[in-house]
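Taking it in order: structure first as structure tokens, then the write-up.
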Amino acid sequence: MHRYDIHFDQLPIERNPEQIWLYWQDEPGGVQNQTNSYHFNWTISYRFNAEVNIGAYGLTILRHKPLSFKDFNAYINQQFNNRKSNALWFVSNCKPKARLNYYDELHLYYPSIKVYGHCVLRNKTNHCHRHSHCESSELSKHKFYLAFESQSCRDYITEKFWRSLAYGTIPIVFGPHDKKSLEKIAPPNSFIYTGDFISASKLAEHLNEIGRNRTLFREYHQWRRFYQVLYRPEDIEHYRFCELCYRLNTNQNRIYYQDLNTFFLEEC
């Protein structure tokens, strides 16, 4: 059952010992202590060590057939020439301060970042709603996207990252705190990780170099010859349920979680 659908007064007092109870949570955060008393067996989550963990927010999959060199070269030339603007950021949650502070520092050295949202621009008329024509239009014009997560938690990689890849930008990632989480599921050499740079000024230098250098720009898109990404719920949900069905048919472990809080708040 999903964390938002739990009503304790509706849960059975007794349960069939042959049943596997699954707790579904795709965001970091605490769990009501009462939940632990129901001894959930498995979790469905963004965490890689959850029993069901494929495609919480996105997936990398192989293309049925790689793009030809000719088609790929034409794509790179078109993208490099058409993406006249540099970096873009949609931000609506103003509570996480770490990413706002990093933006402020980066903006000093790399001022060509277009931002939508009142967290940075106090002008509330500057709207570009999710899934709108404005959003897709803006993403198609920029080389980079600030995929800054609201929480820097282990394995927490949301649609911000996957959407930016799907729209052809290079994501600049702030969070999760371990780059290895990204490397496990992202296309190879597809993103820029802020933690790889000793300062925001060094990151800005790298962004400027990519913006001028077609060969370097190409390196961050080389993966597109062989892979594609999915991020829309209608495209990834069936992968999650396929994994669930597979686990139910192959995993005979009868474990249970003593403390779901510890699991979801670890390294967060």
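Quick note on numbering: the sequence shown equals residues 1038 to 1305 in our numbering. We put the beta carbon where it would ideally sit given N, CA and C, even for glycine.
Top-ranked residue by Cα proximity to ASN1118, from ALA1184, ARG1251, TYR1204, LYS1102: Working through the sequence shown from its first residue, we reach residue 1118 at position 81. Ranking ALA1184, ARG1251, TYR1204, LYS1102 by Cα distance to ASN1118 puts ARG1251 first.
Same chain, Cβ closer than 8 Å to TRP1260, five either side skipped, listed in chain order: Position 223 of the sequence shown, counted from the first residue, corresponds to residue 1260. Excluding sequence neighbours, TRP1260 sits near PRO1224, PRO1225, ASN1226, SER1227.
Member of LEU1281, ASN1298, LEU1297 whose CA lies at the smallest distance from the CA of ILE1057: Sequence index remark: in the sequence shown, residue 1057 carries index 20 (1-based). Of the listed residues, the one whose Cα sits closest to ILE1057 is LEU1281.
Inter-stretch contact (C-beta, 8 Å, three-pair minimum) for the region 1079 to 1091 and the region 1190 to 1197: yes
Bounding residues of the beta strand (DSSP E) (the contiguous stretch that carries LYS1151): The residue labelled residue 1151 in the question sits at position 114 within the sequence shown. Taken as a continuous stretch (DSSP letters only), the beta strand (DSSP E) holding LYS1151 covers 1150 to 1153.
Buried or exposed by the 16-neighbour rule on C-beta atoms within 10 Å, applied to ALA1111: Position 74 of the sequence shown, counted from the first residue, corresponds to residue 1111. Its Cβ having fewer than 16 others within 10 Å, ALA1111 is exposed.
Alpha helix (DSSP H) segment containing LYS1217, residue limits: Residue numbering aside, residue 1217 sits at position 180 when the sequence shown is read from its first letter. Looking at the DSSP string, the run of the alpha helix (DSSP H) that includes LYS1217 is 1216 to 1222.
PHE1127 - DSSP class collapsed to helix/strand/coil: Working through the sequence shown from its first residue, we reach residue 1127 at position 90. Strand at PHE1127.
CB-CB length for LEU1219 against VAL1210, believed under 8 Å: Against the sequence shown, residue 1219 aligns to sequence position 182. Against the sequence shown, residue 1210 aligns to sequence position 173. With 8 Å as the limit, LEU1219 and VAL1210 qualify as a contact, their Cβ atoms being about 6 Å apart.
Collapsed DSSP secondary structure at LYS1180 in the structure displayed: Taking the sequence shown and counting its residues from 1, one reaches residue 1180 at position 143. Correct three-state label for LYS1180: strand.
C-beta contact flag for TYR1268 and GLY1095 at 9 Å: Taking the sequence shown and counting its residues from 1, the one referred to as residue 1268 is at position 231. Taking the sequence shown and counting its residues from 1, the one referred to as residue 1095 is at position 58. It is a contact, given that the beta carbons lie within the stated cut-off.
Integer Cβ distance of ASN1123 from HIS1076, believed to fall under 8 Å: Translated into the one-based positions of the sequence shown, residue 1123 becomes position 86. Translated into the one-based positions of the sequence shown, residue 1076 becomes position 39. With a Cβ gap of about 51 Å, ASN1123 and HIS1076 do not count as contacting.
GLN1116, enclosing beta strand (DSSP E) - first and last residue: In the sequence shown, residue 1116 corresponds to position 79, counting from 1. Per DSSP, GLN1116 belongs to no beta strand (DSSP E); it is in the alpha helix (DSSP H), 1106 to 1119.
Contact under 9 Å by Cβ, TYR1139 with VAL1152: Along the sequence shown, read from residue 1 onward, the residue named residue 1139 stands at position 102. Along the sequence shown, read from residue 1 onward, the residue named residue 1152 stands at position 115. Contact: no.
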